[in-house]
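Each residue of the sequence shown is one higher than the one before, counting from 239 in this note's numbering.
Beta carbons are placed, not taken as given, at the ideal position from N, Cα and C, and that holds for glycine.
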Amino acid sequence: LEKCSTCTPQEYHKKPLPEISDRLIAGIMEGRHAYQGPEHIVIDVTNRCQLRCNACWLYSPYLKEHKPSDEWLNKQIPYERMKSFISEASSMGTKIIRFTGGGEPLLYEGILDLLELAKSKNIKTALTTNFYNVSENMLKDLIKLNLDEIALSIWAPDARTYTEMHPGTTEENFQKIKENLKKIKMET
Numbered sequence: 239l240e241k242c243s244t245c246t247p248q249e250y251h252k253k254p255l256p257e258i259s260d261r262l263i264a265g266i267m268e269g270r271h272a273y274q275g276p277e278h279i280v281i282d283v284t285n286r287c288q289l290r291c292n293a294c295w296l297y298s299p300y301l302k303e304h305k306p307s308d309e310w311l312n313k314q315i316p317y318e319r320m321k322s323f324i325s326e327a328s329s330m331g332t333k334i335i336r337f338t339g340g341g342e343p344l345l346y347e348g349i350l351d352l353l354e355l356a357k358s359k360n361i362k363t364a365l366t367t368n369f370y371n372v373s374e375n376m377l378k379d380l381i382k383l384n385l386d387e388i389a390l391s392i393w394a395p396d397a398r399t400y401t402e403m404h405p406g407t408t409e410e411n412f413q414k415i416k417e418n419l420k421k422i423k424m425e426t
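Structure follows, in structure tokens:
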């Protein structure tokens, strides 16, 4: 049978399927057509980052001649495209969006608006961040958003290891991250 964008699961079969309201189950039973989008999306909004973590696939100081081009390191998804993407994902039944990046998502201009948009569409909203140099205002805004999850990518259990894994940082940077985490815990 020919595919069509408006067909119901029953129209794809010679033998009708029982009426199915769950789009995921309908797609599984039909076998050739998805009736909803992905449940969980992980999106890299930007490749820009302010750190040079040793194990990073984009910014590690050990990459040397294998380092990506400056053009690649500055790539990010246009803001208007991200807004329409979130709306499309919502209409397809997406339940979770994780904002992350080859770089640091908090460097993406408009990230707070995008996080808020996803939350307003009843999508569980998660953020993976290095949490480096988060300002007091940014911290307050993140707390207000009541994100479903904030995951930290810090690769260190203590300040000394943090500076070893993140060249160019200080032990005070690690302490600031800890302080900001305590503030979030107190507010939630």
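Buried or exposed (CB count within 10 angstroms, at least 16 for buried), residue i
i: Arg319; result: exposed
i: Tyr273; result: buried
i: Thr407; result: buried
i: Glu240; result: Because Glu240 carries a pLDDT of 47, less than 50, the predicted location of this residue cannot be relied on, and the following value inherits that uncertainty. Label assigned to Glu240: exposed.
i: Glu417; result: exposed
i: Ile349; result: buried
i: Val372; result: buried
i: Ile266; result: exposed
i: His404; result: buried
Straight-line gap, residue i to residue j (C-alpha atoms, nearest Å)
i: Ala364; j: Cys294; result: 21 Å
i: Arg261; j: Met330; result: 10 Å
i: Tyr317; j: Thr284; result: 11 Å
i: Leu296; j: Arg270; result: 37 Å
i: Glu402; j: Cys291; result: 9 Å
i: Lys359; j: Tyr300; result: 41 Å
i: Asn368; j: Asp396; result: 15 Å
i: Gln314; j: Asp386; result: 24 Å
i: Lys414; j: Ala264; result: 49 Å
i: Leu311; j: Lys423; result: 33 Å
Contact test: residue i Cβ vs the ligand COA heavy atom, cutoff 7 Å
i: Leu419; result: No copy of the ligand COA appears in this structure; indeed no ligand is present at all.
Short CB-CB distance (under 8 Å) between residue i and chain B
i: Thr338; result: Structure shown: chain B not included; a single protein chain is present.
In DSSP terms, what residue i is bridged to
i: Thr366; result: Ala389
8 Å contact criterion, which residue i and residue j should meet: CB distance rounded
i: Glu409; j: Arg398; result: 7 Å
field: Within the segment 261-319, ranges of the alpha helix (DSSP H) (whole runs, at least 4 residues)
entry: 261-268 and 308-311
Runs of alpha helix (DSSP H) wholly within the segment 331-358 (minimum 4 residues, chain order): Entirely contained in the segment 331-358, the alpha helix (DSSP H) runs reaching 4 residues are, in chain order, 349-358.
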